[in-house]
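**Student:**
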Amino acid sequence: MTSMPPADTAPSAASTAPADDTVQSAPADGAKRQNITVHLRKIPLLAEVSDEDIARIKPELRIRRYAKREVVLHKGGSGDGLLFLLSGQLQVIDVTEDGRAIGLRMLAPGDFFGEIALINNSTRSASVVATTEVLVAFLPAPTAMHLFSHSPSVARQMLQHLAQKIQRDSEFRALLSINNTARRIYTYLVLMQKKNPDGTVVENLPTHQDIANMINTSRETVTRALLSLTQQGIVQKDAHKLKILDPQALQKLVQGEAGN
Numbered sequence: 000m001t002s003m004p005p006a007d008t009a010p011s012a013a014s015t016a017p018a019d020d021t022v023q024s025a026p027a028d029g030a031k032r033q034n035i036t037v038h039l040r041k042i043p044l045l046a047e048v049s050d051e052d053i054a055r056i057k058p059e060l061r062i063r064r065y066a067k068r069e070v071v072l073h074k075g076g077s078g079d080g081l082l083f084l085l086s087g088q089l090q091v092i093d094v095t096e097d098g099r100a101i102g103l104r105m106l107a108p109g110d111f112f113g114e115i116a117l118i119n120n121s122t123r124s125a126s127v128v129a130t131t132e133v134l135v136a137f138l139p140a141p142t143a144m145h146l147f148s149h150s151p152s153v154a155r156q157m158l159q160h161l162a163q164k165i166q167r168d169s170e171f172r173a174l175l176s177i178n179n180t181a182r183r184i185y186t187y188l189v190l191m192q193k194k195n196p197d198g199t200v201v202e203n204l205p206t207h208q209d210i211a212n213m214i215n216t217s218r219e220t221v222t223r224a225l226l227s228l229t230q231q232g233i234v235q236k237d238a239h240k241l242k243i244l245d246p247q248a249l250q251k252l253v254q255g256e257a258g259n
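For the record, in the sequence shown the residue sitting at position 231 is 230 according to numbering that gives the first Met the number 0, with numbers rising by one throughout.
1) According to DSSP, is residue 123 helix, strand or coil?
2) Opposite residue 242 in the DSSP bridges: which residues?
3) Quick one: grab the DSSP three-state call for residue 180.
4) Per DSSP, what kind of secondary structure is residue 224 in: helix, strand or coil?
5) Can you check which of these residues, 106, 135 and 215, is closest to residue 60 by C-alpha distance?
6) For residue 139, which residues of its own chain have a beta-carbon under 6 angstroms away from its beta-carbon, when the five flanking residues on both sides are left out?
7) If you draw a straight line from the alpha carbon of residue 14 to that of residue 48, how long is it in whole angstroms?
8) Find out if the Cβ-Cβ distance for the pair residue 118, residue 78 is shorter than 9 angstroms.
9) What three-state label does DSSP hand residue 94 in the structure shown?
10) Just the Cα atoms here: how many angstroms apart are residue 110 and residue 211?
11) With a threshold of 7 angstroms on Cβ separation, who are the neighbours of residue 209 within its own chain once the five nearest residues in sequence on each side are excluded?
12) I'd like the span of the beta strand (DSSP E) that includes residue 211, first residue to last.
13) Between the alpha carbons of residue 221 and residue 247, how many angstroms are there, rounded?
14) So, at 7 angstroms on beta carbons, what are the nonlocal neighbours of residue 244 in its own chain, with the 5 sequence-adjacent residues on each side left out?
15) Could you tell me the alpha carbon to alpha carbon distance between residue 114 and residue 199, rounded to whole angstroms?
16) Decide yes or no for the touch test of the stretch 37 to 56 against the stretch 145 to 156: beta carbon pairs closer than 8 angstroms, at least 3 of them.
17) Go ahead and pull the three-state DSSP assignment for residue 107.
18) From residue 237 to residue 40, what distance separates their C-alpha atoms?
19) Checking 9 angstroms against the spacing of the C-beta atoms, do residue 175 and residue 215 come in under that value?
20) Rounded to a whole number of angstroms, what is the C-alpha to C-alpha distance between residue 122 and residue 229?
21) For residue 40, name the three-state secondary structure that DSSP assigns.
22) For residue 42, which of 67, 23, 52 and 84 has the nearest alpha-carbon?
23) Quick test of your reading: residue 127 and residue 72, contact by CB under 8 angstroms. State the CB separation rounded to the nearest angstrom.
24) Which residue comes first and which comes last in the beta strand (DSSP E) that contains residue 148?
25) If you compare alpha carbons, which of 74, 133, 155 and 162 is closest to residue 124?
26) Would residue 145 pass as a contact of residue 55 if the rule is Cβ separation under 9 angstroms?
27) May I ask which residues mark the beginning and end of the alpha helix (DSSP H) holding residue 55?
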């Protein structure tokens with residue numbers, strides 16, 4: 000989902016956004032920080048909702064700040080609302096019986112989550128952990144369900160989201176079935192680059208440990224694989240961004256390792 004960071008950390012009296020789509024709130028964690036201004040129509044799911052729905056959402060929205068590695072949602076918790084990531088990065092994880100964390104996917108600003116338990120009226124099927132400091136907005140279940148059933152734009156986007164989720168989960172299951180560890184890493188990078196319109200840059204690249212958790216390998220193995228790609232001139236790594244210099248070479252590595 001294409002996303003735009005919808006949160007500003009300092010409200011502006013000269014904001015050009017319509018007054019009826021703006022929510023100002025102090026984070027619910029009680030920290031002594033600046034108020035947060037959220038322009039609701041900059042949240043992709045809410046971009047086309049009616050003024051009436053905006054008026055319904057505004058008094059219900061709650062904002063909270065989470066520290067890095069803090070759990071935002073717990074597996075098994077109640078599906079009591081829909082959540083939006085306003086800033087930072089989250090990882091959806093599952094925990095095995097022996098205590099290992101398995102990363103399922105990453106969330107970026109503008110993404111929403113918690114919708115499955117909400118729609119099914121069930122408990123959370125996975126946990127969500129902050130990989131950076133994050134701002135999250137919470138919309139209670141009754142208001143969220145009203146949007147699902149009364150807003151055509153929200154219903155349309157939700158259907159698209161669920162279809163994309165099914166496709167993404169299918170691709171990820173296929174990735175995890177690859178026996179060769181290096182090829183799993185290369186395939187993961189190919190899947191990540193597909194999210195970018197021009198397919199050459201992976202923005203907000205997860206940490207090596209987060210990648211390792213997602214593809215069932217070690218952090219050291221991920222580090223070695225990325226270093227090898229860098230040395231071959233296939234990728235260029237800069238902080239949390241990965242530029243694919245030679246997409247064809249990366250694709251050949253994916254295919255070439257298939258028989259190993």
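Just so it is clear, CB atoms sit at the ideal spot from N, CA and C, and this is done for glycine as well.
**Tutor:** With the given structure in hand:
1) Residue 123: coil per DSSP, three-state reduction.
2) 200 and 235
3) Correct three-state label for residue 180: helix.
4) Three-state DSSP puts residue 224 in a helix.
5) 135
6) 59 and 80
7) Note that residue 14 scores a pLDDT of 41, beneath 50, so its modelled location is shaky; the value from the coordinates is reported in the next line. If I take the Cα positions, the gap works out to 20 angstroms.
8) yes
9) strand
10) 23 angstroms
11) 90, 102 and 130
12) For residue 211, there is no enclosing beta strand (DSSP E); the enclosing alpha helix (DSSP H) has its first and last residue at 207 to 214.
13) Near 20 angstroms, if we compare the C-alpha coordinates of residue 247 and residue 221.
14) 232, 233, 234 and 235
15) 31 angstroms
16) The stretch 37 to 56, when compared against the stretch 145 to 156, does touch it at the 8 angstroms Cβ threshold.
17) If DSSP states are grouped into helix, strand and coil, residue 107 belongs with coil.
18) 32 angstroms
19) Yes; because the gap between Cβ atoms is below 9 angstroms, this pair is in contact.
20) 43 angstroms
21) helix
22) 84
23) 4 angstroms
24) Unbroken run through residue 148 is the alpha helix (DSSP H), 140 to 149; no beta strand (DSSP E).
25) 74
26) yes
27) Run containing residue 55: 50 to 56, per the alpha helix (DSSP H) assignment.
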